[in-house]
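Residues in the sequence shown are numbered from 3 upward in steps of one, following the numbering used here.
Beta carbons: idealized from backbone N, C-alpha and C, even for Gly.
Right, one structure below, let's go through it.
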Amino acid sequence: MTDTTDAASAGTPAEATRAPGDDRPYSPGLEGVLAGETALSKVDGANGRLTYRGYRIGDLVAHGTYPAVANLLWTGEWDPKARLATAAVPDQVMAAIRALPATAKPMDALRTAVSAWGATTGPTYPPTVEQARALTAFSPSALAAFARLREGKEPIAPDPSLDLVEGFLFQLNGERPDPATARALDAYFIVGAEHGFNASTFTARVVTSTNSDIASAVCGAIGTMKGPLHGGAPSEVVDQLSKMGSVEHAEEWLRGALDRHERLMGFGHRVYRAYDPRAAALRKVAEGMEHKPDWLQLAIQVEDMALRLLAEKYPDRPLKTNVEFYAAPVLMGVGLSPDLFPATFSLARHAGWTAHALEQAAANRLIRPDVRYVGPDERDLPA
Ligand code: COA
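What follows is the structure in structure tokens.
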């Protein structure tokens, strides 16, 4: 008998097994399996290209806003003037957020808030663009409220004159962000909005395929993104850079980590074999920021060293910078604490999750794959 559970939890591909009379292919982790169709984004890993509905990610960051990109994903229409402000947290949902311990993880708080929002507003299947907008507008207010309450501060009501990302920072910090800061986080939200059949998006589609509601789909997606293999890398980039401390110590630290067979955070990707186009877009944004974290310069120098050392160690395996490496300076630069990074990534991914819920529902077929049985043959219970 093959126990695939341990192999799967360790993140290593399990050996494919053959069951008698069933030689259908099985790919651990569904790697390389086509599990659906989408018109939302194209992730071209070999060439390091990413488009949303055909538009290049670099152009969307340079000329778009998160509300315009979310609207593009939901409707297929490019309207650069599309607006979306944060929405108020319903009283009953705020009561649920207030009931959470200050020690709760922000991802748990966000998932709880979305669940309470679903229980309170009762969105029904099929999902609609209006539901997608409402949920995407609600979640930043909920996360900001939790972040303030855990510090003993009162939540701040949305300002409808501000766009979503500006509004989120206002509700978090109690003051309007300067335009460059808001712009930097908006760029991060654009690159985080959508990325094919990643694990959390796939979860959202599975939930939707049962004709369940959009809040349940997003709750499932948040739970999936909470896992460190999916949403945890940017804060680990911060950790690694602070362990290096300075450019002088960086190379020694990097070599030591690689000798211990540790992973350098912010490098490598399951799909991209070329430089992640989101990292390129965010690096530009990070360099243009007014409040750059002190170690942005360190990050830029470490990137070059890390790429050189990775190429030395894995000459046949292209391991390039991924989006998380430059997400870290942007998120630190706008003043977010590292424990808010995964939940902020989740806010950005709301556009993609909800767009996938709409796309799934529009041509739905229950997602219910087969599993290969590898247990004991049929047998009698012991007497
Ligand atoms: N640092 C050091 N070595 C790395 C590495 C990294 N960031 N990424 C991959 N490798 C090594 C692996 O250990 C493996 O070596 P081995 O054969 O000696 O065991 C080899 O490169 C091939 O790995 P690969 O198959 O490309 O990785 P994967 O598809 O299993 O993993 C990631 C992809 C993203 C999980 C992996 O690159 C990683 O852990 N990166 C760091 C975390 C990160 O930045 N995550 C955010 C992704 S957006």
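Distances from the alpha-carbon of Ala89 to those of Lys107, Glu132 and Ala184 put Glu132 closest. By the neighbour-count criterion, in which a residue is buried when 16 or more other Cβ atoms sit within 10 angstroms of its Cβ, Pro179 is buried.
Taken from the Cβ of Val325, at least one heavy atom of ligand 1 lies inside 8 Å. For Ser163 and Ala87, the gap between their C-alpha atoms comes out near 7 Å. Spatial neighbours of Leu102 in its own chain (CB-CB distance under 6 Å, excluding positions within 5 residues in sequence) are listed in chain order as Ala111. Of the residues assessed, Ala104 falls on the exposed side of the cut-off, its CB having fewer than 16 other CB atoms within 10 angstroms. CA-CA distance, Ser143 to Asn213, rounds to 27 Å.
Tyr375 counts as exposed, since fewer than 16 other beta carbons sit within 10 angstroms of its beta carbon.
Boundaries of the alpha helix (DSSP H) around Thr114: Pro108 to Thr123.
Here Thr130 carries a coil assignment [DSSP, helix/strand/coil].
For Ser244, the secondary structure class from DSSP, reduced to helix, strand or coil, is helix.
Here the alpha carbon of Thr210 sits roughly 8 Å from the alpha carbon of Asn366. In the DSSP assignment, the residues bridged to Thr53 are Lys44 and Arg58. By the C-beta density criterion, Pro27 is exposed, having fewer than 16 other C-beta atoms within 10 angstroms. Per DSSP, Ala282 is one residue of the alpha helix (DSSP H) stretching across Pro279 to Glu289.
In the DSSP assignment, Glu254 falls within the alpha helix (DSSP H) that extends over Val249 to Asp261. Assigned with DSSP and collapsed to three states, Thr323 falls in strand. In this structure, Leu32 has its CB at a distance of at least 8 Å from all heavy atoms of ligand 1.
Relative to ligand 1, Met267 has its C-beta within less than 8 Å of a heavy atom. Counting along the chain, Glu168 sits inside the alpha helix (DSSP H) bounded by residues Leu166 to Asn175. In this structure, Gly270 has its CB closer than 8 Å to one or more heavy atoms of ligand 1. For Phe269, the pairing in a beta bridge is given by DSSP as Thr323. Minimum Cα-Cα distance from Gln362 among the listed residues Thr130, Phe327 and Pro92 corresponds to Thr130. When C-alpha distances from Val95 are compared across Leu174, Arg55, Leu360 and Thr114, the shortest belongs to Thr114. Between Thr67 and Asp161, the beta carbon gap of about 16 Å keeps them out of contact (Cβ cut-off 8 Å).
Rounded to whole angstroms, the gap between the alpha carbons of Gly50 and Leu342 is 28 Å. The Cβ atoms of Ala353 and Trp119 do not sit closer than 9 Å to each other. Taking non-hydrogen atoms of ligand 1 into account, the C-beta of Lys228 is found less than 8 Å away from none of them. When distances are taken from the beta-carbon of Glu238 to the heavy atoms of ligand 1, the shortest one is below 8 Å. Distances from the alpha-carbon of Gly47 to those of Ala186, Val325, Gly335 and Ala350 put Val325 closest.
Using a cutoff of 8 Å, the CB of Leu309 does not count as near ligand 1, since none of the ligand's heavy atoms is closer than that. About 15 Å separates the CB atoms of Phe148 and Pro92; that is not less than 8 Å, and the two are not in contact. Cβ neighbours of Tyr54 within its own chain (closer than 8 Å, five residues either side excluded): Leu42, Ser43, Leu62, Val71, Leu74, Leu75, Ala195 and Glu196.
The three-state secondary structure of Gly31, taken from DSSP, is helix.
Ala186 places its beta carbon less than 9 Å from that of Ala288.
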